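Count along the sequence shown from 1, then add 227; that gives the number in our numbering.
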Amino acid sequence: MLTKKQQKLLSQTLSHALRHEPWLYELELDDQGFVKLVDILTAINGALDQVLPLITVEDIAQMIASSEKTRHEIVDGKVRASYGHSLPGLIAKTEYVPDTSMALYHATSPEAALSIMQQGLLPMGRQYVHLSPNKEIALEVGRRKCKKPVLLVINTEVAVKEGSHFFEGNDNVVLADQIGTRALSIVA
Ligand code: HQG
Numbered sequence: 228m229l230t231k232k233q234q235k236l237l238s239q240t241l242s243h244a245l246r247h248e249p250w251l252y253e254l255e256l257d258d259q260g261f262v263k264l265v266d267i268l269t270a271i272n273g274a275l276d277q278v279l280p281l282i283t284v285e286d287i288a289q290m291i292a293s294s295e296k297t298r299h300e301i302v303d304g305k306v307r308a309s310y311g312h313s314l315p316g317l318i319a320k321t322e323y324v325p326d327t328s329m330a331l332y333h334a335t336s337p338e339a340a341l342s343i344m345q346q347g348l349l350p351m352g353r354q355y356v357h358l359s360p361n362k363e364i365a366l367e368v369g370r371r372k373c374k375k376p377v378l379l380v381i382n383t384e385v386a387v388k389e390g391s392h393f394f395e396g397n398d399n400v401v402l403a404d405q406i407g408t409r410a411l412s413i414v415a
């Protein structure tokens, strides 16, 4: 079994390969962002052979299961990043109609929040906007940007009416194409 530190390196490398620069690992993602486990193992073991023991499918599965966030998923002998993509060529995520009685949250820096309240919430460097049904998780994401992030709440009903499209990420991450200003407010 890999140590926590080794699992973190494996997770970061998988995310880099599956979200951002698969070509550096000679990988080609399918339209849903999947690659075959055998191919990712070859790539990862090639890239990390000096720093990690030979990685197996079990190591990847254990890393996913013991990670705080579900960043990756294994389905039918393939693996993909569940969210976070920045690579060119839109990864097809499953669209769904969210429960419009449920609020969604996004937290960010005060500077970004100001711009968002004028322009709307945009994917910026990623393929999708990242939201959470959970306030605390959204705030945690915001803390990556600054110590005291601003929490924005999305009125899901208004967002749907205004033409936002929502896509499955995982239990804690909801993806969207954009959120217009009418659906956004700052949580006091
Ligand atoms: C901001 C992590 C100005 C937005 C997390 C955010 C997440 C605007 C930044 C996932 C804007 C993009 C993604 C506008 C949006 N004007 N700024 N109109 N619209 N922004 O890192 O959502 O740990 O690409 O507020 O947990 O922070 O890597 O997105 O601050 O789920 O697995 O543009 O990444 O997951 O920043 O985080 P990011 P994010 P992992």
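Positions of the beta carbon are idealized from the N, C-alpha and C atoms, including for glycine.
In this text the structure is predicted, and so the values were computed from the model without any measurement.
Less than 8 angstroms between the CB atoms is what I'm expecting for Y355 and F394, so what's the real figure, rounded? Taking the sequence shown and counting its residues from 1, the one referred to as residue 355 is at position 128. Taking the sequence shown and counting its residues from 1, the one referred to as residue 394 is at position 167. At roughly 6 angstroms, the Cβ-Cβ gap stays under 8 angstroms, so Y355 and F394 are in contact.
Ligand 1 heavy atoms versus the CB of A403: any closer than 6 angstroms? Stepping through the sequence shown from its first residue, residue 403 is reached at position 176. No; taking the cut-off as 6 angstroms, the Cβ of A403 has no heavy atom of ligand 1 nearer than that.
Minimum C-alpha distance to V401 - residue among V368, D286, V414 and R409: What you label residue 401 is simply residue 174 of the sequence shown in a count that begins at 1. Ranked by Cα distance from V401, the options V368, D286, V414 and R409 are led by V368.
Under the three-state reduction of DSSP, which class applies to H312: helix, strand or coil? Walking along the sequence shown from the start, residue 312 turns up at place 85. H312 falls in the coil class under three-state DSSP.
Report yes or no: do the stretch 269-276 and the stretch 318-335 share at least 3 C-beta pairs separated by less than 8 angstroms? At 8 angstroms Cβ cutoff, the stretches do not touch.
Determine whether the beta carbon atoms of R307 and F261 lie at a separation below 7 angstroms. Counting from one through the sequence shown, the residue named residue 307 turns up at place 80. Counting from one through the sequence shown, the residue named residue 261 turns up at place 34. Cβ distance < 7 angstroms, so R307 and F261 count as in contact.
In the structure shown, what three-state DSSP assignment does I267 receive? On the sequence shown, position 40 is the one that residue 267 refers to. Helix at I267.
Where R298 sits in the DSSP three-state scheme: Here residue 298 corresponds to residue number 71 of the sequence shown, with the count starting at 1. Coil.
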